[in-house]
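**Student:**
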Amino acid sequence: MRFGHEGHRFDSAERAHLAGIVTDVVGHIEKKMDTKHGMGAEHFDEAMKFLNKDHEGWKKLPDPQKRAFEAHLKERFGIEN
Numbered sequence: 001m002r003f004g005h006e007g008h009r010f011d012s013a014e015r016a017h018l019a020g021i022v023t024d025v026v027g028h029i030e031k032k033m034d035t036k037h038g039m040g041a042e043h044f045d046e047a048m049k050f051l052n053k054d055h056e057g058w059k060k061l062p063d064p065q066k067r068a069f070e071a072h073l074k075e076r077f078g079i080e081n
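Per my numbering, residue 1 is the first one in the sequence shown, and the count goes up by one each step.
Spelled out as structure tokens, the structure:
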């Protein structure tokens, strides 16, 4: 998985942590929503709601990392800026 947006490059420990967050997001979306056709833009709002409300690892990230990771999620969910 490649992470790094807005001029912020993640070191290997940060990448491992963020990969775990992606796994948590995917698991949450698969349990909560219909994903038989894959995950797309319609799932992004629920992903962000989950992160902001329930994910302790996300809450601890500094804002620059959150913005970079959110950009990565948008890319993963097929949302163009």
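All C-beta atoms in this analysis are idealised placements derived from N, C-alpha and C, irrespective of residue type, glycine included.
In this text the structure is predicted, and so the values were computed from the model without any measurement.
Three-state secondary structure (DSSP) at GLY27?
**Tutor:** Residue state, collapsed to three classes: helix.
**Student:** Please name the residue, chosen from ILE29, PHE44, PHE50 and GLU30, that lies closest to ALA71 on a Cα-to-Cα basis.
**Tutor:** Cα-wise, what sits closest to ALA71 is PHE44.
**Student:** Measure the alpha-carbon distance for HIS25 versus THR35 and round it to whole angstroms.
**Tutor:** Sequence inspection shows Val at residue 25; the His mentioned does not correspond to that position. Straight-line Cα distance between these residues: approximately 13 angstroms.
**Student:** Using 8 angstroms as the threshold, is the segment 17-24 in touch with the segment 54-66, meaning 3 or more CB pairs across them?
**Tutor:** Contact between the segment 17-24 and the segment 54-66 is present, because at least three Cβ pairs lie under 8 angstroms.
**Student:** According to DSSP, is PRO62 helix, strand or coil?
**Tutor:** Three-state result, PRO62: coil.
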